[in-house]
Amino acid sequence: MHIRIIDGHDCIGGNKILVCSENGEGFLLDFGVNFKKWSLYFEEYLKPRTGKILHDLLKLDLIPRLNVYRSDLLAPDFDSNECVKFVFVSHAHADHCGLIGLLSEQIPLLMTKETFALLSVMDQLKPSIWEQLTIRTRTRSEDEHIRTDVLVNDRKKKNRKICLENVEDQLEDEFEPVDIHQCWPNRVEILPVYHSVLGAAALCVEVDDAIVIYTGDLRASPTKEEEEFWRSKLGEKRLALSKRTEQFAREIKDYRDSLKKPLVLIVEGTRVSRKADTTNDERTVFQNVLDAVSRTNTLVIADFPTKHLERLMSFLKVAQMCGRYLALTPKDFALLQYMEKIDPTWQLSEQEIQCLRVYHIGKVEFSKLEKEAIHFAKSSGLLVGPEEVNKSPAKYIVAAGYFDMPQMLDIDETVLNGSIYIHSTSEAYTEEQQMDYKRFKNWLTRFGIKPRGLAFENDEIVFTNEFHASGHVSAQELEKLIETLQPDVIIPVHTEEKFWFVERWGTKVLTQEEVYL
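Here full-length UniProt numbering is used: the first residue of the sequence shown is 1, the next is one more, and so on.
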């Protein structure tokens with residue numbers, strides 16, 4: 001067996017891992033953007049050329065030289081013997097899936113139905129070519145003014161192979177369903193885990209005479225105390241989401257014990273290098289949000305990742321308990337509607353729907369998905385605009401973040417002055433993000449909005465984190481998980497501190513970028 005960590009070695013994010021059997025057949029674990037490397041060359045207004053996307057990214061060493069790319073993008077023929085049978089997408093975060101749009105439509109994408117739903121929603125919001133789930137083909141232009149090596153969109157679509165469980169009848173025409181057993185000759189199984197986005201999963205694959213486990217990103221399951229809290233607040237079905245990592249560990253241990261084969265664990269270690277780490281869990285976040293909202297009689301602006309449905313449901317529950325409406329953008333409301341179609345667990349109750357509103361943002365162009373959400377909200381009496389918020393600001397929690405601030409200009413200054421902003425998402429890790437938040441400070445200061453969850457000290461931003469819980473397992477919980485699984489080989493990825501693993505498991509830990517077993 002040959003394991004090559006193409007990206008995600010000695011860094012957090014950008015996972016691209018190639019696993020090959022002794023006969024040369026293999027698979028890729030994720031195909032994400034390494035934002036640290038990406039930002040060396042690109043930023044918001046400096047992007048790769050879509051007409052020469054493969055050429056540009058290959059020349060900058062931002063994608064690997066493998067024969068896995070779309071032929072319509074003029075993919076070179078590399079001197080590579082690996083035969084990639086499928087690509088596993090662990091979850092819908094860009095550092096794990098942000099480059100799947102470049103992959104050949106003939107290579108099946110293996111993922112959970114929730115991840116597919118999230119990617120499908122994002123796909124309808126005009127993503128960049130490298131992010132697209134649906135393949136919109138490109139070709140050489142017949143325009144004499146355009147160079148022949150520059151590709152243009154010809155508006156045609158190619159069917160992409162997708163491997164899901166029990167949702168074949170729900171796939172759109174541009175997707176071709178593939179049975180999981182067609183992807184690999186031996187056992188391959190998707191095992192859902194608990195993370196900060198719905199649909200996250202690990203992968204279990206038999207390769208040669210070993211079991212390969214890839215964790216993707218995951219966090220620990222709740223304590224018994226937290227479990228009871230969520231049972232009472234979100235219900236039994238949604239509680240099951242938070243217990244997925246525990247179930248994953250139990251299944252792997254039982255499977256390994258029954259087969260008696262060596263276990264190779266490719267495992268994330270995001271938080272092992274964080275010295276001052278938060279111990280917050282989702283229960284703590286919920287309680288802190290409830291305290292903050294219940295103590296204010298002004299407008300609340302809340303910034304949280306809507307793909308993290310558990311966090312969204314927390315804010316919705318707080319809105320219910322405080323007699324407010326949670327106002328979502330059309331895009332975010334459309335995400336909820338789409339998730340209901342894929343997984344009934346997330347179907348909203350009538351009581352929950354009555355606490356939701358769709359905020360009619362002031363822009364000219366809407367995607368088809370957003371238009372459908374606006375139409376549904378209007379016909380259901382859920383659509384509100386700035387007039388309703390200005391009239392009764394204390395009745396609303398408006399979901400809005402940094403990039404939504406221009407939409408807040410429709411709210412009266414007297415309403416914004418004294419309102420609170422709750423930061424319930426991750427902190428800024430890059431210089432670009434730091435600059436964004438320094439600019440964000442100007443918005444808050446200009447309108448007298450009081451921040452919660454972040455502060456500004458001597459022109460520096462400080463994230464206080466009382467409204468955020470990490471989506472990654474803590475060092476203590478990770479050690480417990482690895483001891484439970486008892487792997488024979490440990491390969492750390494998605495971490496800046498691989499020697500944390502060496503200190504604990506010694507020669508079991510392989511830290512090289514390429515491993516032969």
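Idealized CB from N, CA, C, for every residue including glycine. Note that the coordinates shown come from a computational prediction; the quantities given were computed from them, not determined experimentally.
Nearest-angstrom Cα separation, counted from LEU510 out to ASP173: Here residue 173 is taken as the residue at index 173 of the sequence shown, counted from 1. Here residue 510 is taken as the residue at index 510 of the sequence shown, counted from 1. Approximately 43 Å between the Cα atoms of the pair.
What does the Cβ neighbour count give for ALA276, buried or exposed, with the cut at 16 atoms within 10 Å? Position 276 of the sequence shown, counting from 1, holds the residue named residue 276. Residue placement at ALA276 is poorly supported in this model, since its pLDDT is 49, which falls under 50; the coordinates are not used for a value here.
Which value, in whole angstroms, describes the spacing of the CA atoms of ILE481 and PHE229? Within the sequence shown, residue 481 is the residue found at index 481, counting from 1. Within the sequence shown, residue 229 is the residue found at index 229, counting from 1. Note on identity: in this sequence residue 481 is Leu, with Ile being the wrong assignment. Their Cα atoms are separated by approximately 23 Å.
Use the C-beta contact count for PRO76: other C-beta atoms within 10 angstroms, 16 or more gives buried, fewer gives exposed. The count along the sequence shown starts at 1 and reaches residue 76 at position 76. Under this definition PRO76 is an exposed residue.
DSSP-derived helix/strand/coil call for CYS20: As a first step, residue 20 is located in the sequence shown; it is residue number 20 there, counting from the start. Here CYS20 sits in strand by DSSP.
Whole-number beta carbon distance between TYR402 and PRO451, since they are thought to touch under 8 Å: On the sequence shown, residue 451 is found 451 positions in, with the first residue counted as 1. On the sequence shown, residue 402 is found 402 positions in, with the first residue counted as 1. At roughly 12 Å, the Cβ-Cβ gap does not stay under 8 Å, so PRO451 and TYR402 are not in contact.
Taking buried to mean at least 16 other C-beta atoms within 10 Å of its own C-beta, is PRO344 buried or exposed? Your numbering for residue 344 matches position 344 in the sequence shown. Exposed: under 16 other Cβ atoms inside 10 Å.
If you scan the region 356 to 434 from start to end, which runs of the alpha helix (DSSP H) of 4 or more residues do you find wholly inside it? 368 to 379, 386 to 391 and 413 to 416
How about residue 569 and ASP30: do their beta carbons lie closer than 7 Å? Coverage of the chain is limited to positions 1 through 517, which leaves residue 569 absent and any answer about it impossible.
Inter-residue spacing [alpha-carbon to alpha-carbon] between GLY269 and VAL462: The residue labelled residue 269 in the question sits at position 269 within the sequence shown. The residue labelled residue 462 in the question sits at position 462 within the sequence shown. Rounded to whole angstroms, GLY269 to VAL462 spans 24 Å at the Cα level.
Exposure of ASP281, with buried meaning 16 or more beta-carbon neighbours within 10 Å: Residue numbering aside, residue 281 sits at position 281 when the sequence shown is read from its first letter. By the 10 Å Cβ count, ASP281 comes out buried.
Between the alpha carbons of residue 519 and HIS93, how many angstroms are there, rounded? In this structure the chain extends from 1 to 517, so residue 519 is not present and cannot be described.
Spell out the partners DSSP gives PHE88 in its beta bridges. Counted from its first residue, the sequence shown places residue 88 at position 88. In DSSP, PHE88 forms a bridge with LEU29 and LEU110.
Please classify TYR359 as buried or exposed, where buried requires at least 16 neighbouring CB atoms within 10 angstroms. For the purposes of this step, residue 359 is taken as residue 359 along the sequence shown, with counting starting at 1. Its Cβ being crowded by 16 or more others within 10 Å, TYR359 is buried.
Measure the C-alpha to C-alpha separation of VAL515 and ARG4 and round it to an integer number of angstroms. Residue mapping note: residue 515 aligns to position 515 of the sequence shown, counting from 1. Residue mapping note: residue 4 aligns to position 4 of the sequence shown, counting from 1. Distance between the alpha carbons of VAL515 and ARG4 is about 6 Å.
Sequence-distant residues of its chain with Cβ nearer than 6 Å to ALA377 (five each side left out): On the sequence shown, position 377 is the one that residue 377 refers to. Excluding sequence neighbours, ALA377 sits near VAL358 and LEU383.
Taking ALA327 as part of the beta strand (DSSP E), name the residues at either end of that continuous run. Here residue 327 corresponds to residue number 327 of the sequence shown, with the count starting at 1. Counting along the chain, the beta strand (DSSP E) containing ALA327 begins and ends at 325 to 328.
Taking the CB atoms as reference points, tell me whether LEU369 and ALA327 lie closer together than 7 Å. Within the sequence shown, the letter at position 369 stands for residue 369. Within the sequence shown, the letter at position 327 stands for residue 327. No. Outside cutoff.
Would CYS83 be called buried (16 or more neighbouring beta carbons within 10 Å of its own) or exposed? Locating residue 83 in the sequence shown gives position 83, where the first residue counts as 1. So CYS83 counts as exposed.
Output yes or no for whether 7 Å exceeds the beta carbon distance between LYS307 and LEU118. Taking the sequence shown and counting its residues from 1, the one referred to as residue 307 is at position 307. Taking the sequence shown and counting its residues from 1, the one referred to as residue 118 is at position 118. Cβ atoms of LYS307 and LEU118: closer than 7 Å.
Determine the DSSP secondary structure at ASP154, reduced to helix, strand or coil. Counted from its first residue, the sequence shown places residue 154 at position 154. It is a strand residue.
Inter-residue Cα distance where the pair is THR39 and SER426: Taking the first residue of the sequence shown as 1, we reach residue 39 at position 39. Taking the first residue of the sequence shown as 1, we reach residue 426 at position 426. Note on identity: in this sequence residue 39 is Ser, with Thr being the wrong assignment. Answer to the nearest angstrom: the Cα atoms are 19 Å apart.
Give the range of the beta strand (DSSP E) segment to which HIS2 is assigned. Counting from 1 along the sequence shown, the entry for residue 2 is found at position 2. From DSSP, the beta strand (DSSP E) with HIS2 extends over 2 to 7.
For PHE456, list the residues DSSP reports as bridge partners. Within the sequence shown, residue 456 is the residue found at index 456, counting from 1. For PHE456, which the question treats as bridged, DSSP gives the partners ILE461.
Local conformation of VAL502 per DSSP, three classes: Within the sequence shown, the letter at position 502 stands for residue 502. It is helical.
For ASP61, does the count of other Cβ atoms within 10 angstroms reach 16, so buried, or fall short, so exposed? Within the sequence shown, residue 61 is the residue found at index 61, counting from 1. By the 10 Å Cβ count, ASP61 comes out exposed.
Between the region 291 to 306 and the region 476 to 494, can you find at least three pairs of beta-carbon atoms closer than 8 Å? no
By a C-beta neighbour count over all protein chains shown, 10 Å radius and 16 as the cutoff for buried, is GLU310 buried or exposed? Within the sequence shown, residue 310 is the residue found at index 310, counting from 1. GLU310 is buried by the Cβ-count criterion.
Taking 7 Å as the cut-off, decide whether the C-beta atoms of VAL205 and VAL188 are in contact. As a first step, residue 205 is located in the sequence shown; it is residue number 205 there, counting from the start. As a first step, residue 188 is located in the sequence shown; it is residue number 188 there, counting from the start. Yes, these two residues count as a Cβ contact at 7 Å.
Whose C-alpha, out of PRO330, GLN337, LEU290 and TYR338, is nearest the C-alpha of LEU316? Position 316 of the sequence shown holds residue 316. Comparing Cα positions, the closest option is LEU290.
List the whole-angstrom C-beta distance separating VAL272 from ILE490, where the pair is believed to meet the contact cut-off of C-beta under 8 Å. The residue you call residue 272 lines up with position 272 of the sequence shown. The residue you call residue 490 lines up with position 490 of the sequence shown. At roughly 12 Å, the Cβ-Cβ gap does not stay under 8 Å, so VAL272 and ILE490 are not in contact.
If contacts are defined as beta-carbon pairs under 8 Å, then GLY26 and LEU18 qualify, I think. What distance do you get, rounded to the angstrom? Along the sequence shown, read from residue 1 onward, the residue named residue 26 stands at position 26. Along the sequence shown, read from residue 1 onward, the residue named residue 18 stands at position 18. Right, their Cβ atoms sit about 6 Å apart.
Could you give the residue range of the alpha helix (DSSP H) that holds residue 520? With the chain running from 1 to 517 in the structure shown, residue 520 is simply not present.
Residue nearest to GLU165 in terms of C-alpha spacing, selected from ASP332, ALA202, PHE499 and ILE180: On the sequence shown, residue 165 is found 165 positions in, with the first residue counted as 1. The shortest Cα separation from GLU165 among ASP332, ALA202, PHE499 and ILE180 belongs to ILE180.
Is it the case that the region 214 to 223 contacts the region 189 to 203, given that we only count it when at least three CB pairs across the two stretches are under 8 Å? yes
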